[in-house]
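Below: the structure, in structure tokens.
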Amino acid sequence: MRKTKDVLIVAGEASADLHGSNLVRAMKRLDPAISFYGIGGKHMEEAEVKILIPASDMAVVGLTEVFSKIHKIAKARRKLKSLLKNNRPDLFIPIDYPGFNIHMAGLAKRYNVPVLYYISPQVWAWRTGRVKKIAKRVDCMAVILPFEEGFYRERGVDVEYVGHPLLDSIPQDLDRVKIIRKMDLENAYPVLGVLPGSRNEEIENHLPVMIKAVEILSSRYPHLRCLLPIAPTITPDLIQSFLKQSSAEINISQSSFYETLTACDLALVASGTATVETAIMAVPMVLVYRASPITYWVAKRFIKVPFVGLVNLVAGERVIPELLQNDVTPDRLAHEALEILEGGQKRENMIEKLGMVKERLGRGGASEKTARIAMEMLKT
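Numbering-wise, this note's numbering puts 62 at position 32 of the sequence shown, and it's gapless, one number per residue.
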């Protein structure tokens, strides 16, 4: 009788939890008997992964949050080390989350567990020397950005470009006219999306500035409507604590995240996965990024790429404006928003280039392609 295959999978952050769940489902379609366990959140749990450690124990932004969760992260390392040593899963699939996963990949290698690393850490942006560890510890990198394939291949890493998994997550049949009507926005212009981030620290760093920028824009546009979709990782009370201090009318969106974006003429977006989602949906945007002073100092010292946003990195040029750290002010944010809203051809050019970015991200099917790679590795 064939032994059931066991897969250890680690998704330490919200986006990895979503992409990991889709990968698990794709693998189960190929072999329903595979057993999965590891670190994840509600999406992976819904995909029938046995969650040994919740992803919420692991998710961090910057150095200050790492320090606050260091004991939980150390405990997770010990638990997974024991699993790799004593249970010997048939495959280890780490998803992004480099500080933890590159170390665990080394342990997997020590115990002869093959490693399929899904969604590359941004080693091409900073601390490039980590690629030497990846080359020794990872059997295959499944990368989601087009320029990553060449980066790894040149450095002797077995790599496969699978395309961006968000292309499969975003609905293709959203009707803007119907959504505008459903959300009672027929007389609104502009409709502004306010996307301050998916973690408490990001909300605290970005939302107050975004609110004040909205106040400035409201004086220019009497029919301005602002929509704020809340990430499931954020408590509404935190958002409300900022909104109630302002005269600006910012509505917490009751529609889905993607319906909300579809209705928007422009979005103010915290750097991260949401910028890629906004780009795929061809919504013009202004990117903002603020971090603790120590996190920003370290990042500025070591980051080797010309842009912070993946949208601009994929495009190879500045497609969307990026406001970073001390430049994230209400006046600057409102100014950049006005430049786009009143820029005429500038806004159309941005939409056109966002379409180009979407094309460069692939044609979809990332989960299925990665699942096939995983199944081949399980056969060996």
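Glycine included, C-beta positions come from ideal geometry on N, C-alpha and C.
A quick note: this is a predicted structure, and the numbers were derived from the prediction, not measured.
- Under the three-state reduction of DSSP, Glu76 is assigned to helix.
- Taking the CA atoms as reference points, Gly186 sits about 31 Å from Lys109.
- Under the three-state reduction of DSSP, Arg185 is assigned to coil, being neither helix nor strand.
- Short of 8 Å from the beta carbon of Lys72, and not among the five residues preceding or following it, lie these beta carbons of its own chain, in chain order: Asp47 and Pro262.
- Boundaries of the beta strand (DSSP E) harbouring Ser65: Ser65 to Gly70, taken from the DSSP string.
- Taking Thr308 as the centre and dropping the five residues before and after it, the same chain places the C-beta of Leu291, Ala297, Val299 and Met315 closer than 7 Å to its C-beta, in chain order.
- When only Cα atoms are considered, Arg255 and Asn131 end up about 42 Å apart.
- With contacts defined by Cβ atoms closer than 8 Å, Tyr141 and Arg107 do not form a contacting pair.
- CA-to-CA, the gap between Ile280 and Val145 works out to about 45 Å.
- In this structure, Glu178 is the residue among Glu178, Leu268 and Met380 with its C-alpha nearest to the C-alpha of Leu391.
- Burial is judged here by how many other beta carbons sit within 10 angstroms of a residue's own beta carbon; Lys399 has at least 16 and is buried.
- If you draw a straight line from the Cα of Ala44 to the Cα of Ala85, it comes to about 7 Å.
- Non-local C-beta neighbours of Tyr219 in its own chain, meaning closer than 6 Å and more than five positions away in sequence, comprise His253, ordered along the chain.
- Around the beta carbon of Gly68, 16 or more other beta carbons lie within 10 angstroms, which makes this residue buried.
- Under the 10 Å beta carbon count, Ser271 is surrounded by fewer than 16 other beta carbons and is classified as exposed.
- Per DSSP, the unbroken alpha helix (DSSP H) holding Asp198 starts and ends at Leu196 to Ser199.
- With contact defined as three or more Cβ pairs closer than 8 Å, the stretch 335 to 342 and the stretch 350 to 365 are in contact.
- Met315 sits in a strand when the DSSP states are folded into three classes.
- Membership of Asp36 in the beta strand (DSSP E) is indicated by the continuous run Asp36 to Ala41.
- Its Cα nearest to that of Pro201, the residue Glu289 stands out among Val313, Ile241, Glu289 and Ala135.
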